[in-house]
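Visitor: Take a look at the following structure, please.
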Amino acid sequence: SQKIEQNSEALNIQEGKTATLTCNYTNYSPAYLQWYRQDPGRGPVFLLLIRENEKEKRKERLKVTFDTTLKQSLFHITASQPADSATYLCALSSGGGADGLTFGKGTHLIIQP
Amino acid sequence: DGGITQSPKYLFRKEGQNVTLSCEQNLNHDAMYWYRQDPGQGLRLIYYSQIVNDFQKGDIAEGYSVSREKKESFPLTVTSAQKNPTAFYLCASSISLDPSEQYFGPGTRLTVT
Chain S
933 SQKIEQNSEA
943 LNIQEGKTAT
953 LTCNYTNYSP
963 AYLQWYRQDP
973 GRGPVFLLLI
983 RENEKEKRKE
993 RLKVTFDTTL
1003 KQSLFHITAS
1013 QPADSATYLC
1023 ALSSGGGADG
1033 LTFGKGTHLI
1043 IQP
Chain U
2 DGGITQSPKY
12 LFRKEGQNVT
22 LSCEQNLNHD
32 AMYWYRQDPG
42 QGLRLIYYSQ
52 IVNDFQKGDI
62 AEGYSVSREK
72 KESFPLTVTS
82 AQKNPTAFYL
92 CASSISLDPS
102 EQYFGPGTRL
112 TVT
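Keeping their order, the protein sequence lines are chains S and U. Take any residue in the first sequence, note its place counting from 1, add 932, and you have its number in the working numbering. Take any residue in the second sequence, note its place counting from 1, add 1, and you have its number in the working numbering.
The following block contains the structure:
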């Protein structure tokens, strides 16, 4: 069955450092991959989308890589700030039109001042 | 001010009762989705609709029903047949073109006792 794995343990990073989150998947051939941020009790907010033929995507302090050979995406936040503390969700789609996404469980990121 | 609204934010029901969750969007998006989120879990797709008067089952549709009579509205009914209805329910929308980011509402927390 399709499986998406994100580090279930909280990730503690010191302010100013780069936070790196991992998303691994199996039994899946995604056409594209998305990253969302979710704060407690709120809906997820879209951050970045990367297609299967793209290696890297950047947006301000955020960077996403997508390695279809390793079946892995890395999500980086540079110069991290306490306001970056949240749960980050990885989501995959096979690209069959406007179908729903398959989400990982998310990684809880804590940026310590 | 465009976006997705879900109401109410908190909902309490007795076991055996059907309950309908509201979702409205003014983003002019064709596609709408319902997800369920349990503590420590990723989002799971319940139903999605790509166009008015049409919808498809997601991964966990049993015990749920939806309608899409208007482009702006996609209500979800949690029926008494749903064995574990207590959860955080999230509605989302997107343009129908692929790929596309999803915009989420604030969510409804349903508690059934």
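Backbone N, C-alpha and C fix where the C-beta goes; we use that ideal spot for every residue, glycine too.
If you pair each beta-carbon of the segment 17-26 of chain U with each one of the segment 995-1011 of chain S, do three or more pairs fall below 8 Å?
Guide: no
Visitor: Just checking my contact of L12/U with T109/U at CB under 8 Å: how many whole Å lie between their CB atoms?
Guide: 6 Å
Visitor: What residues from chain S crowd round G4/U, counting only those whose CB sits closer than 9 Å?
Guide: Within chain S, no residue comes near G4/U; the closest Cβ sits about 10 Å away, beyond 9 Å.
Visitor: Taking 8 Å as the CB-CB cut-off, is S1025/S touching chain U?
Guide: When Cβ-Cβ separations below 8 Å define contact, S1025/S makes contact with chain U.
Visitor: Which residue or residues does DSSP assign as beta-bridge partners of D55/U?
Guide: I52/U
Visitor: Within 10 Å of its beta-carbon, does T1039/S have 16 or more other beta-carbons around it, so buried, or fewer, so exposed?
Guide: Buried, because 16 or more other Cβ atoms sit within 10 Å of the Cβ of T1039/S.
Visitor: Determine the burial state of Q57/U: buried for a count of at least 16 other Cβ atoms within 10 Å of its Cβ, exposed for fewer.
Guide: exposed
Visitor: Looking at the structure shown, is A82/U part of a helix, part of a strand, or coil, going by DSSP?
Guide: coil
Visitor: Ends of the beta strand (DSSP E) at K935/S?
Guide: K935 to Q938
Visitor: Starting from the C-beta of E102/U, find all residues in its chain whose C-beta is less than 8 Å away, skip the five residues before and the five after it, and write them out in chain order.
Guide: S95
Visitor: Starting from G989/S, trace the beta strand (DSSP E) both ways and give me its first and last residue.
Guide: Reading off the sequence shown, one finds Lys at residue 989/S, where the question assumed Gly. E988 to K991 is the span of the beta strand (DSSP E), which, as asked, contains K989/S.
Visitor: Taking 8 Å as the CB-CB cut-off, is K1003/S touching chain U?
Guide: no
Visitor: For the segment 98-110 of chain U, list every residue whose C-beta sits within 9 Å of some C-beta in chain S, in sequence order.
Guide: L98, D99, P100, S101, E102, Q103, Y104, F105, G106, P107, G108 and R110
Visitor: Do you know how far the Cα of F978/S is from the Cα of W967/S?
Guide: 6 Å
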